[in-house]
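S.K.: Sequences listed follow chains V and H, in order. Taking the numbering used here, the leading residue of the first sequence gets 47, the next gets one more, and so forth. Taking the numbering used here, the leading residue of the second sequence gets 185, the next gets one more, and so forth.
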Amino acid sequence: MKLTEAQVEYVAKLANLSLTPEEVGEMVHHLGGILEHMDKLSEINTDGIEPMRQVLYNDADSLRPDVERESLTNEAALSNAPVSGNGYFKVPRVIER
Amino acid sequence: MSISRITTGLKNKSFSATEITRQALDFAGRENPKTNAWLLLAHESALASAARVDEQIAAGHDPGPLAGVTVAVKDVILTKGIRTTCGSKILGEFIPPYSATAIDRIEAAGGIILGKTNCDEFAMGSSNENSAFGPVRNPVALDRVPGGSSGGSAAAVAQNTAIVSLGSDTGGSVRQPASFCGVVGVTPTYGRVSRYGLVAYASSLDHIAPFARSVRDAATLLEVIAGRDPLDSTSAGAAVPNYAAHLDGNVRGLKLGVPVEYMKHATGETADLIHKAIRDLEDLGCEIREISLPATDYAVAAYYIIATAEASSNLARFDGARYGTRATESGTLGEMYRNTRGQGFGAEVKRRIMLGTYVLSHGYYDAYYVKAQKVRTLITRDFTRAFESVDAIVAPVSPFPAFKLGEKVNDPMEMYLSDIYTITGSLAGIPCMSVPCGNTSEGLPVGLQILCNHFQESKMFRLADAYEQR
Chain V
47 MKLTEAQVEY VAKLANLSLT PEEVGEMVHH LGGILEHMDK LSEINTDGIE
97 PMRQVLYNDA DSLRPDVERE SLTNEAALSN APVSGNGYFK VPRVIER
Chain H
185 MSISRITTGL KNKSFSATEI TRQALDFAGR ENPKTNAWLL LAHESALASA
235 ARVDEQIAAG HDPGPLAGVT VAVKDVILTK GIRTTCGSKI LGEFIPPYSA
285 TAIDRIEAAG GIILGKTNCD EFAMGSSNEN SAFGPVRNPV ALDRVPGGSS
335 GGSAAAVAQN TAIVSLGSDT GGSVRQPASF CGVVGVTPTY GRVSRYGLVA
385 YASSLDHIAP FARSVRDAAT LLEVIAGRDP LDSTSAGAAV PNYAAHLDGN
435 VRGLKLGVPV EYMKHATGET ADLIHKAIRD LEDLGCEIRE ISLPATDYAV
485 AAYYIIATAE ASSNLARFDG ARYGTRATES GTLGEMYRNT RGQGFGAEVK
535 RRIMLGTYVL SHGYYDAYYV KAQKVRTLIT RDFTRAFESV DAIVAPVSPF
585 PAFKLGEKVN DPMEMYLSDI YTITGSLAGI PCMSVPCGNT SEGLPVGLQI
635 LCNHFQESKM FRLADAYEQR
C-alpha cells in the first residue's frame with residue numbers, strides 16, 4: 047500500500063498533528079514501507095475467527111463497589127496546566143462574543 | 185548485592201537504609217555520565233524513604249520484603265511529586281499528582297525509589313534512541329544500544345546503580361533490553377500487575393515489568409507489585425503466589441517446547457547460545473520437543489497495527505490543555521492542539537500516531553485493525569494449543585545481540601521486525617521472561633526467553649532459577 051502526500055496530510059489532520067513539509071515527505075516514505083509489510087496480513091485466512099480485543103477480561107473482576115472516594119483536589123488537578131485561572135484550565139477562545 | 189543480603193544486613197545492623205541509599209545516590213550520580221540511564225535521582229524523597237525504614241527497624245517493626253532495596257523506575261510510571269517525562273519534550277516538566285499503584289506497593293514494602301530512568305519516548309522504540317533526553321548507552325559495551333524501550337531501567341541494574349528496577353513491556357520493551365544488558369527481565373501475565381499510573385501506550389498490551397540481576401530478586405519484586413487493584417479494571421483477581429518460595433531447582437520432567445518458526449530465523453552466535461541453553465536444560469532433566477506456532481510470521485504486522493491504533497487514541501490526551509508544554513504560537517484552539525503535538529512529540533511517536541490513525545480511519549478499519557485483532561486470536565490459539573503438550577516454551581529474545589548506536593535508526597521497519605520473538609507472547613498476554621544465557625565472542629550478552637501459560641509465573645521462575653543456578 048503506497049501513500050500519497052494528500053493522504054498523509056489528511057491523516058495528520060485527523061490526528062491533530064502539524065507536520066512540516068519534510069515530515070510529510072518522510073511519512074510518505076516510511077509509512078508506505080510499513081504498510082506494505084502490513085499487507086502481509088491478507089495472506090492469512092481469518093474466516094470465522096473472532097477479533098480479540100482484550101486478554102483475560104473478566105467482568106467479575108472489572109467491577110468495584112460504587113462508593114465515593116477521595117479524588118484529586120482542584121489545585122492538584124490544575125498543578126500541571128500550562129495556563130489556568132479561577133479553578134479552570136484556560137485555552138484559546140472558541141466562541142466569539 | 186541481592187535483596188536478601190540487604191534485608192539481612194539491615195536486620196543485623198551491618199548497615200542502615202540511610203547509609204546504603206546515600207551510597208547508591210552518590211554511585212548512580214558518578215556513573216550516570218557513562219550511560220545516561222538516569223533522568224533524575226530523587227535525593228530528598230529517597231533519603232526520606234530510607235529514614236522511614238530505619239525508624240521501623242529501630243522500633244522493632246518488620247520493615248517489609250523490599251526494605252532498603254533501591255529501585256530505578258522507568259520514566260513512564262508516575263511518581264507523586266517526582267518529575268515524570270515519558271522521555272518526551274511534551275511532558276518535560278510534568279510533576280505527577282499521584283503515584284502508580286506499583287510504586288505505592290514498593291514503598292509500602294520498604295523499597296527506596298531512587299529515581300527515574302531514561303526510555304524511548306512514550307515507550308516507543310527498541311533501542312532507547314528515541315528519547316528526547318538523549319540515547320542510553322549499554323553499560324556492557326558503551327558504543328552499543330541497551331535495547332528499548334526500557335533501556336535506562338535495564339542499564340541501571342546492569343551497571344549496579346540500582347538493585348532492581350521497573351520497566352514497561354508492550355511488545356518486548358523489558359525482555360529485549362534485559363537480553364542486551366545481561367540482566368533478568370520479566371513480563372508477567374497481562375493484568376497481573378496494575379497499570380494504574382503507567383502512562384498508556386497500548387492499553388491491551390501494556391505491562392509494568394521488573395528487572396533484576398537474579399531470577400530470585402525479580403520474583404520477589406513481582407510478588408510485591410502483583411495483585412488486584414480496584415483502580416485498574418483489567419487487573420487480575422487471581423491470588424498472588426509466593427514466587428520466591430517455589431524456587432526449589434526441581435525441573436526434572438518439565439516438557440519444554442522449541443518453536444520451529446523461531447529457530448528457523450535464528451543464526452550466528454545468538455542461535456548457538458540458545459541451542460546450548462536448550463542442551464543445558466535437557467541436562468537438568470527437562471524434556472525438549474519441537475512445536476509449531478504457525479501464525480508467528482504475521483505477529484509483527486498484527487502488533488504494529490493494534491499497538492499504534494491504541495496509541496493514537498491514548499496519546500490524544502496530550503493536547504496542551506491540561507498538562508505538558510503548550511506551543512506558544514497558538515491562535516485558535518485547533519492550532520494550539522496541532523502545534524503543541526507537532527512540536528512536542530518526536531519522530532517515532534508521530535509516526536506511530538499517524539499509522540494508528542490511518543489503520544483506524546474510514547475505509548481501512550476492517551482491512552487493518554479488525555484483521556489484526558483476528559490474527560491476534562490465531563496467535564493466542566497457537567499458544568493455547570502448544571501449552572496442552574508442553575509446560576513452557578523456550579526461544580531467543582532477539583535475533584541478534586546489542587547493536588551499535590545509530591545502526592538501525594533510519595529504517596523503522598527493520599527495527600520493528602527485530603521484535604518478532606517478543607511480540608507473540610505480548611499479543612497472547614502470557615508471562616514471559618529473559619534470563620541471561622551467555623555472551624558472544626565480543627562479550628555481548630544474549631538472553632534466553634521462557635514463556636509459560638497465563639498465571640504460571642511460578643513455574644516460569646522455577647525453570648529460570650534452575651537454569652541460572654546450573
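Backbone N, C-alpha and C define an ideal beta-carbon position, used for all residues, glycine too.
#1: Between V/Ala58 and chain H, is any beta-carbon pair separated by less than 8 Å?
#2: From H/His546 to H/Leu539, what distance separates their C-alpha atoms?
#3: In its own chain, which residues sit with a C-beta less than 6 Å from the C-beta of V/Leu124, not counting the 5 before and 5 after it?
#4: Excluding sequence positions up to five away, which residues of its chain have a Cβ less than 6 Å from the Cβ of H/Gln240?
#5: Straight-line CA distance for H/Val408 to H/Met644?
#6: Would you mind telling me which residues of chain H sit closer than 7 Å to V/Gly79, beta carbon to beta carbon, in chain order?
#7: Which residues in the same chain as H/Ile187 place their Cβ atom closer than 6 Å to its Cβ, once the five residues preceding and following it in sequence are excluded?
#8: Please state whether DSSP places V/Ser108 in a helix, a strand or coil.
#9: Excluding sequence positions up to five away, which residues of its chain have a Cβ less than 6 Å from the Cβ of H/Glu471?
#10: Under three-state DSSP, which class holds H/Ser349?
#11: Where DSSP assigns a beta bridge to H/Ala393, which residues make up the other side?
#12: Closest by CA to H/Asp327, which one among H/Lys588, H/Tyr651, H/Pro596?
#13: Taking only the alpha-carbon atoms, compute the straight-line gap between V/Asp112 and H/Leu517 and give it to the nearest angstrom.
#14: According to DSSP, simplified to helix, strand and coil, what is H/Phe306?
#15: Counting only C-beta atoms, is H/Thr541 closer than 8 Å to chain V at any point?
#16: Check whether the Cβ atoms of H/Thr354 and H/Ser610 lie closer than 8 Å to each other.
#17: Rounded to whole angstroms, what is the Cα-Cα separation between H/Ser200 and V/Asn132?
#18: I'd like to know if the stretch 297 to 309 of chain H and the stretch 426 to 445 of chain H are in contact, where contact means that at least 3 CB-CB pairs between them fall below 8 Å.
#19: Could you list the residues in the stretch 511 to 531 of chain H with a C-beta less than 9 Å from some C-beta on chain V, going in chain order?
#20: Less than 7 Å between C-beta atoms, sequence neighbours within five positions excluded: which residues of the same chain meet that for H/Gly469?
#21: Beta-carbon within less than 7 Å of H/Ile489's beta-carbon, same chain only, minus the 5 sequence neighbours each way: which residues are those?
#22: Should V/Lys48 be flagged as near chain H, meaning a C-beta pair shorter than 8 Å?
#23: Tell me, please, whether the CB atom of H/Thr564 is closer than 8 Å to any CB atom in chain V?
#24: The beta strand (DSSP E) spanning H/Cys616 covers which residue range?
#25: If you draw a straight line from the C-alpha of H/Gly375 to the C-alpha of H/Ile190, how long is it?
#26: Going by Cα to Cα distance, which pick from H/Leu635, H/Gly631, H/Ala650, H/Tyr651 is closest to H/Pro372?
#27: Is there a C-beta anywhere in chain V that falls below 8 Å from the one on H/Arg506?
#28: Please compile the residues from chain H whose C-beta is within a distance smaller than 7 Å of the C-beta of V/Ile95.
#29: Should H/Val358 go down as buried or exposed, given a rule of 16 or more other Cβ atoms within 10 Å for buried?
#30: Using 8 Å as the threshold, is the C-beta distance between H/Thr301 and H/Asp259 below it?
#31: Counting only Cβ pairs nearer than 9 Å, list the residues of chain V close to H/Arg535.
#32: If we count Cβ pairs, one from each stretch, closer than 8 Å, do we get three or more for the stretch 618 to 638 of chain H versus the stretch 577 to 586 of chain H?
#33: So what does DSSP say about V/Val70, is it helix, strand or coil?
M.R.: Inspection of the coordinates gives the following:
#1: yes
#2: 13 Å
#3: Ser130
#4: Pro247
#5: 17 Å
#6: Met597
#7: Val253, Asp401, Thr404
#8: helix
#9: Lys439
#10: strand
#11: H/Gly351
#12: H/Lys588
#13: 36 Å
#14: helix
#15: yes
#16: yes
#17: 47 Å
#18: no
#19: Ala511, Ser514, Gly515, Thr516, Leu517, Gly518, Glu519, Met520, Tyr521, Arg522, Asn523, Thr524, Arg525, Gly526, Gln527, Phe529, Ala531
#20: Val435, Arg436, Gly437
#21: Val543, Tyr552, Tyr553, Ala556
#22: no
#23: yes
#24: 616 to 623
#25: 30 Å
#26: H/Leu635
#27: yes
#28: Lys558, Thr561, Leu562
#29: buried
#30: yes
#31: Glu72, Met73, His76, Leu77, Ile80
#32: yes
#33: helix
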